[in-house]
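Working notes, beginning with the structure itself.
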Amino acid sequence: MHFSRRIEHCPMCGTRVDHRIPDDDNRERAVCPACHHIQYVNPLNVVGTLPVWGEQVLLCRRNIEPRKGFWTLPAGFMELGETTEEGAARETDEEAGAQIEMQGLYAVLNVVHAGQVHLFYRARLLSTEFNPGPETMEARLFHQSEIPWGDLAFRTVKLTLERYFAERDSGQFDVHCVDIT
Numbered sequence: 001m002h003f004s005r006r007i008e009h010c011p012m013c014g015t016r017v018d019h020r021i022p023d024d025d026n027r028e029r030a031v032c033p034a035c036h037h038i039q040y041v042n043p044l045n046v047v048g049t050l051p052v053w054g055e056q057v058l059l060c061r062r063n064i065e066p067r068k069g070f071w072t073l074p075a076g077f078m079e080l081g082e083t084t085e086e087g088a089a090r091e092t093d094e095e096a097g098a099q100i101e102m103q104g105l106y107a108v109l110n111v112v113h114a115g116q117v118h119l120f121y122r123a124r125l126l127s128t129e130f131n132p133g134p135e136t137m138e139a140r141l142f143h144q145s146e147i148p149w150g151d152l153a154f155r156t157v158k159l160t161l162e163r164y165f166a167e168r169d170s171g172q173f174d175v176h177c178v179d180i181t
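Heads up: the sequence shown at position 130 corresponds to 130 in full-length UniProt numbering, and the numbers run straight through without jumps.
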């Protein structure tokens, strides 16, 4: 399977790479014929939160592609030097300007075709004042009946919200692992 992040040139010396299975490996890699550097392309982590205020959840309307104008949970790519929880909190602040208290890992979604793993944490909002960053048109709270289900940006968000609402009344939240095929 080839992803859009396919490597064409060696990041060490700039030589055009060969795509082959290296010795002592079991899958195709980008191998430099000049310096012999092997480049590994691994999934990207998308981290975010499911922020809650009472019976409402916080959604952000995207101001960037992909899916500009659609609603999502605050999330984005994890950065080097941070934990998944730190990245989720940072993305929530950057996208919604929301202050939260983390409440634990809630969903791990393997988006194999995109080479991504999405991790969502449950979070309790500490206030209803939001200050969205440039990637967000609007951040607002929704009751379950108000969720714009047809205008959600990503399937991972829809599945996470569906599972949350199914468990909310019991107050018992499992960690969900889902494969998006």
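The beta-carbon is built from N, C-alpha and C at its ideal position, and this holds for glycine as well.
From a predicted model like this one, the values you see are computed outputs, not experimental measurements.
- In the displayed model, Q144 falls within a helix according to three-state DSSP.
- At a Cβ-Cβ threshold of 8 angstroms, L58 and A96 count as neighbours.
- L141 is positioned such that its CB atom lies no closer than 8 angstroms to that of E101.
- Distance from the Cα of N110 is smallest, within the candidate group Q103, H118, G104, for H118.
- Three or more Cβ pairs closer than 8 angstroms define a contact, and the region 26-42 falls short of that threshold against the region 126-137.
- Residue state for L159 is assigned as helix, using DSSP reduced to three classes.
- Counting of Cβ neighbours within 10 angstroms places W149 among the exposed residues, the total staying below 16.
- Put simply, the backbone Cα of D151 is about 27 angstroms away from that of G104.
- For V17, the secondary structure class from DSSP, reduced to helix, strand or coil, is coil.
- In terms of Cβ geometry, C60 and A114 do not form a close pair [threshold 8 angstroms].
- In this structure the region 154-174 touches the region 60-80; the number of beta carbon pairs closer than 8 angstroms is three or more.
- Non-local beta-carbon contacts of T84 in its own chain, meaning distances under 7 angstroms to residues more than five positions away in sequence, involve N45, V47, M78, L119 in chain order.
- Assignment of alpha helix (DSSP H) within the UniProt domain "Nudix hydrolase" (42-165), counting only whole runs of 4 or more residues, yields 84-96 in chain order.
- The Cβ neighbour count for E91, taken over all protein chains shown within 10 Å, is at least 16; the residue is labelled buried.
- Rounded to whole angstroms, the separation of the alpha carbons of R122 and G81 is 22 angstroms.
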